[in-house]
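Trainee: This is the structure I want to talk about, given as structure tokens.
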Amino acid sequence: MRYAFVNKVLLFPYYFILRARHFMYDTSILKSKKFPVKVISVGNITVGGTGKTPYIEHLLREMSSEERVAVLSRGYGRKSRGFHIVSCEDKVAASGDEPLQIKRKFPHAIVVVDEKRRRGIEKLLALPEGERPAIILLDDAFQHRSVMPDENIVLIDSSRPIDEDCLLPVGRLRDLPDQIKRAGKVVVSKCPPEMEAGDMFMWEQRLNLSPGTEVEFTSLRYDEPVAIFPEADKRYVYSKFVMMLTAIANPQHLRYHLLSLYKIEDHLEYRDHHNFRRRDVKRINNWAKNNPKSLIMTTEKDAQRLVSLSNLSEEVKRRLFYLPVVVIVLQKEA
Numbered sequence: 024m025r026y027a028f029v030n031k032v033l034l035f036p037y038y039f040i041l042r043a044r045h046f047m048y049d050t051s052i053l054k055s056k057k058f059p060v061k062v063i064s065v066g067n068i069t070v071g072g073t074g075k076t077p078y079i080e081h082l083l084r085e086m087s088s089e090e091r092v093a094v095l096s097r098g099y100g101r102k103s104r105g106f107h108i109v110s111c112e113d114k115v116a117a118s119g120d121e122p123l124q125i126k127r128k129f130p131h132a133i134v135v136v137d138e139k140r141r142r143g144i145e146k147l148l149a150l151p152e153g154e155r156p157a158i159i160l161l162d163d164a165f166q167h168r169s170v171m172p173d174e175n176i177v178l179i180d181s182s183r184p185i186d187e188d189c190l191l192p193v194g195r196l197r198d199l200p201d202q203i204k205r206a207g208k209v210v211v212s213k214c215p216p217e218m219e220a221g222d223m224f225m226w227e228q229r230l231n232l233s234p235g236t237e238v239e240f241t242s243l244r245y246d247e248p249v250a251i252f253p254e255a256d257k258r259y260v261y262s263k264f265v266m267m268l269t270a271i272a273n274p275q276h277l278r279y280h281l282l283s284l285y286k287i288e289d290h291l292e293y294r295d296h297h298n299f300r301r302r303d304v305k306r307i308n309n310w311a312k313n314n315p316k317s318l319i320m321t322t323e324k325d326a327q328r329l330v331s332l333s334n335l336s337e338e339v340k341r342r343l344f345y346l347p348v349v350v351i352v353l354q355k356e357a
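In structure tokens, the structure reads:
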């Protein structure tokens, strides 16, 4: 009840704007456009950290390689504007870190960025027939109601229930919690791998979803560390000590994993999509110089930016690795 009070009373201006906007779309005062192609939106109710990018990669793995699939993202963190087709040779400034990560992992997929989702879809459909996608995955588009997707997939971090959160700026909710009823599928992400059927049932009851909404529970599996630079020395992977270097919304899941393997000596933490500057590189270089035995571990998303930094020291390059993550769908007991 106290969360509802904060959202509806203390944060009334923001609550009212969101409620009015949804009302206008629900009553067709504002129009949503449906396109002649299958469109799947992958989004969330909160700001960042629910695992959208790993889940989009999961969908790409599940889809047939014969299907022409496009991923359309806003391209957070990029310095370019408008519609841009991402290539594996791009810099983060042109495409953003997450679209570049997806393109490098799935070169066969069409990955594009455009801050205007409707325009992005129209440009994709204007491609020559042999290049035009049959399926479009919209990254972080649940709030972009100007597009009417064929399916809305919403992710919720299992450690941050939306009914125990408040709207921005007090909490992390970017949308009204009851908007989850628009979802055709809800993914409860970052669950413990051994999650029991009773806990899954409690989650399903707690979400209070529309009838027929599919609920999926997933966990993250970390694969073997991957070197970012060719001069990396893999012997550091077997060190007892590690420094975390992250610029993501929620690094806690990575922290828990690393704590099971190493002693974390330090954590250089930056805001999500942070563009590393000269002073940041100097800080990283100095840390490596003063801690010569420690592994330096980052995320795959951050690696897209770090690899292009020309002034990282050789000491850092020898010890800098990232941990790939893979989504695992948990099976429900019959």
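In short: position in the sequence shown from 1, add 23, done, that's the numbering used here. Glycine is no exception: its CB is placed at the ideal position from the N, C-alpha and C atoms.
#1: For the region 106–171, which segments carrying the alpha helix (DSSP H) assignment without a break, of at least 4 residues, lie completely within its bounds, in sequence order?
#2: Can you find at least 3 beta carbon pairs, one from the region 89–100 and one from the region 244–261, that sit closer than 8 Å?
#3: My output table needs one value for T50: the three-state DSSP class, helix, strand or coil.
#4: Do you know offhand how far G235's Cα is from G207's?
#5: Could you pull the start and end residues of the alpha helix (DSSP H) that T76 belongs to?
#6: Between Q354 and the ligand FAD, is there a pair consisting of the residue's CB and a ligand heavy atom that are separated by less than 8 Å?
#7: Excluding the 5 residues preceding and the 5 following E217 in the sequence, name in chain order all residues of the same chain whose CB lies nearer than 8 Å to its CB.
#8: What number of angstroms, rounded off, separates the C-alpha of V16 from the C-alpha of S182?
#9: Could you round the C-beta distance between V70 and A272 to whole angstroms and report it? I think they count as a contact, below 8 Å.
#10: Which residues in the same chain as S118 place their Cβ atom closer than 7 Å to its Cβ, once the five residues preceding and following it in sequence are excluded?
#11: Do the region 139–153 and the region 34–43 make contact, defined as three or more Cβ pairs closer than 8 Å?
#12: Between the alpha carbons of C365 and K126, how many angstroms are there, rounded?
#13: Suppose the cutoff is 6 Å on Cβ atoms and the five residues either side in sequence are ignored; what does the same chain contact list for W226 look like?
#14: Identify every run of the alpha helix (DSSP H) within the region 225–302, keeping only runs that are complete inside it and at least 4 residues long; order them along the chain.
#15: Is M24 helix, strand or coil by DSSP?
#16: Are the region 128–135 and the region 58–68 touching, with three or more C-beta to C-beta distances below 8 Å?
#17: Suppose contacts are defined by Cβ-Cβ distances below 9 Å. Is E337 in contact with E254 by that definition?
#18: Between M223 and the rest of its own chain, which residues show a CB-CB distance below 7 Å, the 5 nearest in sequence each way excluded?
#19: I need the DSSP call for L199, collapsed to helix, strand or coil.
#20: Is E89 helix, strand or coil by DSSP?
#21: Does the pairing of the region 184–200 with the region 74–86 give three or more beta-carbon distances under 8 Å?
#22: Using only the alpha-carbon positions, how far apart do R294 and D325 sit?
#23: Which one or two residues does DSSP pair with S96 in a beta bridge?
Mentor: From the atom records:
#1: You should have 115–118, 120–128 and 140–148.
#2: In short, these stretches do not touch, since the Cβ pair count stays below three.
#3: Within the sequence shown, numbered from 1, the residue matching residue 50 stands at position 27. Under the three-state reduction of DSSP output, T50 falls in the coil class, being neither helix nor strand.
#4: Residue 235 sits at position 212 when you count from the first residue of the sequence shown. Residue 207 sits at position 184 when you count from the first residue of the sequence shown. The alpha-carbon atoms of G235 and G207 are separated by roughly 8 Å.
#5: Looking up residue 76 in the sequence shown gives position 53. If you look at T76, you'll find it in the alpha helix (DSSP H) that goes K75 to E85.
#6: You won't find the ligand FAD in this model; it holds no ligand whatsoever.
#7: The residue given as residue 217 occupies position 194 in the sequence shown. Excluding sequence neighbours, E217 sits near nothing in its chain.
#8: Look at the range of the chain in this structure, 24 to 357, and you will see that residue 16 is not part of it.
#9: Along the sequence shown, one-based indexing puts residue 70 at 47. Along the sequence shown, one-based indexing puts residue 272 at 249. Rounded, the Cβ-Cβ distance is 7 Å, consistent with contact.
#10: Locating residue 118 in the sequence shown gives position 95, where the first residue counts as 1. For S118, where only same-chain residues beyond five positions count, the Cβ hits under 7 Å are G98, R101, H107, V109 and V136.
#11: The region 139–153, when compared against the region 34–43, does not touch it at the 8 Å Cβ threshold.
#12: Outside the shown range of the chain (24 to 357) lies residue 365, about which nothing can therefore be said.
#13: Translated into the one-based positions of the sequence shown, residue 226 becomes position 203. If you ignore the 5 residues before and after W226, its C-beta comes within less than 6 Å of the C-beta of V211, all in its own chain and listed in chain order.
#14: Within the region 225–302, complete alpha helix (DSSP H) segments of at least 4 residues are found at 275–282, given in chain order.
#15: What you label residue 24 is simply residue 1 of the sequence shown in a count that begins at 1. In this predicted model, M24 has a pLDDT of only 46, less than 50, meaning its place in the structure is not dependable; the value taken from the coordinates is given anyway. Looking at M24 - three-state DSSP - the assignment turns out to be coil, as it is neither helix nor strand.
#16: Taking 8 Å as the limit for Cβ pairs, the verdict is that the region 58–68 does not touch the region 128–135.
#17: If you number the sequence shown from 1, residue 337 lands on position 314. If you number the sequence shown from 1, residue 254 lands on position 231. Contact flag set, yes.
#18: As a position in the sequence shown, residue 223 is number 200, starting the count at 1. Taken in chain order, the residues that qualify are F240 and K355.
#19: Translated into the one-based positions of the sequence shown, residue 199 becomes position 176. Note: L199 maps to coil in three-state DSSP.
#20: The residue you call residue 89 lines up with position 66 of the sequence shown. E89: coil per DSSP, three-state reduction.
#21: They do not touch, by the three-pair rule.
#22: Start at 1 with the first residue of the sequence shown, and residue 294 comes out as number 271. Start at 1 with the first residue of the sequence shown, and residue 325 comes out as number 302. Rounded to the nearest angstrom, the two C-alpha atoms are 11 Å apart.
#23: On the sequence shown, position 73 is the one that residue 96 refers to. Per DSSP, V136.
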